[in-house]
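*Asks:* In my numbering, each number is its position in the sequence shown, counted from 1, plus 78. Note that the Cβ used here is the ideal one computed from N, Cα and C, for glycine as well. Only a predicted model underlies this, so the values are computations on that prediction, with no experimental measurement involved. Below you'll find the structure I mean.
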Amino acid sequence: MGRRGNNCVSVEEMNRQREFIYLVKELNKGKLKKFQLNTYGCQMNENDSERLSGMLNQMGYIETENIGESDLIIYNTCCVRENAELKVYGHLGSLKRLKREKPDMIIAVCGCMTQQKEVVEHIREKYSHVDLIFGTHNLYKFPELLYSALSSGESIVDIWDSYGLVAEDIPIERKDRVKAWVTIMYGCNNFCSYCIVPYVRGRERSRQPERILEEIRELGQEGYKEVTLLGQNVNSYGKDLDTGIGFSDLLREVNKISGIERIRFMTSHPKDLSDDLIAAVRDCEKVCEHIHLPVQAGSSRILKEMNRKYTKEQYLELVDKIKNSINGVALTTDIIVGYPGETEEDFDDTLDVVRKVRFDMAYTFLYSKRTGTPAANKEDQVPEDVKKERFERLIEVQNRISRENNEKLLDEEVEVLVEGVSKTNKNVLSGRTRTNKIVNFKGNEELIGKLVKVRINKIQTWSLEGTVI
Ligand code: SAH
Ligand code: SF4
Ligand code: F3S
Numbered sequence: 079m080g081r082r083g084n085n086c087v088s089v090e091e092m093n094r095q096r097e098f099i100y101l102v103k104e105l106n107k108g109k110l111k112k113f114q115l116n117t118y119g120c121q122m123n124e125n126d127s128e129r130l131s132g133m134l135n136q137m138g139y140i141e142t143e144n145i146g147e148s149d150l151i152i153y154n155t156c157c158v159r160e161n162a163e164l165k166v167y168g169h170l171g172s173l174k175r176l177k178r179e180k181p182d183m184i185i186a187v188c189g190c191m192t193q194q195k196e197v198v199e200h201i202r203e204k205y206s207h208v209d210l211i212f213g214t215h216n217l218y219k220f221p222e223l224l225y226s227a228l229s230s231g232e233s234i235v236d237i238w239d240s241y242g243l244v245a246e247d248i249p250i251e252r253k254d255r256v257k258a259w260v261t262i263m264y265g266c267n268n269f270c271s272y273c274i275v276p277y278v279r280g281r282e283r284s285r286q287p288e289r290i291l292e293e294i295r296e297l298g299q300e301g302y303k304e305v306t307l308l309g310q311n312v313n314s315y316g317k318d319l320d321t322g323i324g325f326s327d328l329l330r331e332v333n334k335i336s337g338i339e340r341i342r343f344m345t346s347h348p349k350d351l352s353d354d355l356i357a358a359v360r361d362c363e364k365v366c367e368h369i370h371l372p373v374q375a376g377s378s379r380i381l382k383e384m385n386r387k388y389t390k391e392q393y394l395e396l397v398d399k400i401k402n403s404i405n406g407v408a409l410t411t412d413i414i415v416g417y418p419g420e421t422e423e424d425f426d427d428t429l430d431v432v433r434k435v436r437f438d439m440a441y442t443f444l445y446s447k448r449t450g451t452p453a454a455n456k457e458d459q460v461p462e463d464v465k466k467e468r469f470e471r472l473i474e475v476q477n478r479i480s481r482e483n484n485e486k487l488l489d490e491e492v493e494v495l496v497e498g499v500s501k502t503n504k505n506v507l508s509g510r511t512r513t514n515k516i517v518n519f520k521g522n523e524e525l526i527g528k529l530v531k532v533r534i535n536k537i538q539t540w541s542l543e544g545t546v547i
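This is how it looks when you write it as structure tokens:
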């Protein structure tokens, strides 16, 4: 406990924010208010939005899907690719009229996009009906900022470049009752040459292990069955602390927490994936045998340009080691198509890796130029039509492999954690295998939150169907 709190926002500051929670409630005269929260980007942002919802609930706001009846509309944004940003601008533009009709309604924009100076300037210039702009480092200050926006009637902009501290004890309202996100570290130190994340999320800051374990123990007591530990590169968890507890040690501790049945984590950078982590995944019975291991590209030349710090051969060796150590492991990945200078030969290397590893699933992206990153200044950008054509070819290969991998499960018995009713059919339950494959099957809603055995009898590319045994 001695080191607890030494990299945290002070208890006094967190108490001050709690006072603002009451002040906002008072300002609204105890009247129930409604908010609409739009979240873009990764699980980290989803988890931040759960914190925003938690603070808002305590301030007397409830969530609504209906924009017209909202007193507050928030965009928690992502800037990892251009189309994520364009979507937000589109929505902001379409709110102009509503704001004119309902001047008391507050429009707020936060998240990764607003950590870029030029974005804030653009919003202030083109979307002057936005009332509140804040960033990723001062999320915990939201009650104070909302109070200022409501009480002053003026636009509030509060963006911090500094990011030294970790905020604990922000209220939370989770979206799900079975599985929970737990952010274990913030920021990224890797500066992959295409990526904006280190610029908008700052350097790596790990949460104190005791705080993480406390949060997960509570989740276990509340009936949560699964936790996913989040970080841009969880393999370097704890390196900035002096606790001597690394990521694999943390996994072993989480594995002891009662109530929790499954543990997942993302993302693992291949350059930092240690033998000890492989051993922890193998040995901890609750840690699911699934590793998300973004390869990004297959060509060693492109990987070097991307500053990924591994070669094609090293990646393939690592995959072999993982497959040989962890029985039945599922591997998923992220791939960027059309990084500047990518030749047909380079792209063949990507296809080659995909065919050799036989990923269960791949998130594939067209390279998107991000201002401020080294890759954006490169002259040899790949034409859009070439990128798209390669992208299609990649998807075709990957889809076939995903399906073939799934086919191996036909007539097999798998353990499924039941998460809820299927999105497409209300009479069908939906859950996941330990290897993170979606399984749909008929069953009673009482099974939600339980581990059941299902026999697989139908295969799709992205999901499986079966019957409860
Ligand atoms: N920290 C994680 C992922 C962060 S962003 C990791 O290192 O794997 C999620 C994914 O978005 C990345 O893995 C990458 O494949 C993709 N991505 C990031 N920047 C991109 C860009 N400029 N264009 C296209 N895809 C990008
Ligand atoms: Fe971006 Fe690379 Fe950091 Fe992932 S590891 S967030 S891709 S800079
Ligand atoms: Fe996007 Fe920020 Fe996540 S840029 S991918 S929301 S860290």
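Residues in its own chain within less than 6 angstroms of residue 397 by CB, not counting five upstream and five downstream?
*Replies:* Closer than 6 angstroms at the Cβ level, and outside the excluded window around residue 397, lie 435.
*Asks:* Can you check whether the CB of residue 507 is closer than 7 angstroms to the CB of residue 496?
*Replies:* Closer than 7 angstroms, so yes.
*Asks:* With three or more beta-carbon pairs closer than 8 angstroms as the criterion, would you say the region 443-458 touches the region 474-481?
*Replies:* As far as the Cβ criterion goes, the region 443-458 does not touch the region 474-481, which means the pair count is below three.
*Asks:* Just the Cα atoms here: how many angstroms apart are residue 286 and residue 329?
*Replies:* Straight-line Cα distance between these residues: approximately 14 angstroms.
*Asks:* Can you tell me whether residue 348 is buried or exposed? The criterion is at least 16 other CB atoms within 10 Å of its CB, across all chains shown.
*Replies:* By the 10 Å Cβ count, residue 348 comes out buried.
*Asks:* Mind pulling the alpha helix (DSSP H) runs of 4 or more residues that sit fully within the region 91-146?
*Replies:* List check, alpha helix (DSSP H) in window: 121-136.
*Asks:* Following the continuous alpha helix (DSSP H) through residue 429, name the residue where it begins and the one where it ends.
*Replies:* Counting along the chain, the alpha helix (DSSP H) containing residue 429 begins and ends at 422-435.
*Asks:* Give a yes or no on whether the C-beta atoms belonging to residue 113 and residue 225 are separated by under 7 angstroms.
*Replies:* No, the pair does not count as a contact, with Cβ atoms beyond the cut-off.
*Asks:* Label residue 538 either buried or exposed according to how many other C-beta atoms from any shown protein chain fall within 10 Å of its C-beta, with 16 as the threshold for buried.
*Replies:* So residue 538 counts as exposed.
*Asks:* Could you pull out every residue in the same chain whose Cβ sits closer than 8 angstroms to the Cβ of residue 473, ignoring the five residues on either side in sequence?
*Replies:* These residues qualify, in order along the chain: 442.
*Asks:* Since residue 360 contacts residue 403 with CB under 8 angstroms, what's their CB separation in whole angstroms?
*Replies:* About 5 angstroms separates the two Cβ atoms, so the contact holds.
*Asks:* In this structure, does DSSP put residue 192 in helix, strand or coil?
*Replies:* Of the three classes helix, strand and coil, the one that applies to residue 192 here is helix, per DSSP.
*Asks:* Counting by C-beta, which residues lie closer than 6 angstroms to a heavy atom of ligand 2, in chain order?
*Replies:* Listed along the chain, these residues meet the criterion: 266, 268, 269, 270, 273, 275, 276, 310, 311, 347.
*Asks:* Using 7 angstroms as the threshold, is the C-beta distance between residue 414 and residue 374 below it?
*Replies:* Yes, Cβ-Cβ distance for residue 414 and residue 374 is below 7 angstroms.
*Asks:* CB-CB under 8 angstroms to residue 108, same chain, minus the five flanking residues each way: which ones, in chain order?
*Replies:* So the qualifying residues of the chain are 138.
*Asks:* If you measure from the CB of residue 414, is any heavy atom of ligand 1 nearer than 6 angstroms?
*Replies:* Yes; taking the cut-off as 6 angstroms, the Cβ of residue 414 has a heavy atom of ligand 1 nearer than that.
*Asks:* Mind checking residue 79: buried by the 16 CB within 10 Å criterion, or exposed?
*Replies:* Summary for residue 79: the model assigns pLDDT 36, below 50, so the residue's position carries little reliability, and this model does not support an answer.
*Asks:* Am I right that residue 547 and residue 532 are in contact with their C-beta atoms under 8 angstroms? What's the rounded C-beta distance?
*Replies:* Contact flag correct, Cβ pair sits at about 7 angstroms.
*Asks:* Using only alpha-carbon positions, find the residue among 386, 196, 393 that is nearest to residue 437.
*Replies:* It is 393.
*Asks:* Measuring CA to CA, which of 528, 535, 410 is closest to residue 303?
*Replies:* With distances taken between Cα atoms, residue 303 lies closest to 528.
*Asks:* If you compare alpha carbons, which of 92, 419, 148 is closest to residue 462?
*Replies:* When each option's Cα is compared against that of residue 462, the closest is 419.
*Asks:* For residue 545, which beta-bridge partners are listed by DSSP?
*Replies:* Partner(s): 533.
*Asks:* Please classify residue 201 as buried or exposed, where buried requires at least 16 neighbouring CB atoms within 10 angstroms.
*Replies:* So residue 201 counts as buried.
*Asks:* List the residues that DSSP assigns as beta-bridge partners of residue 519.
*Replies:* Note: residue 519 sits in a beta bridge opposite 507, 544.
*Asks:* By the three-class DSSP mapping on this structure, what secondary structure does residue 153 have?
*Replies:* Strand, per DSSP.
*Asks:* Residue 88 to residue 169, Cα distance in whole Å?
*Replies:* Looking at the two C-alpha atoms, the distance is approximately 36 angstroms.
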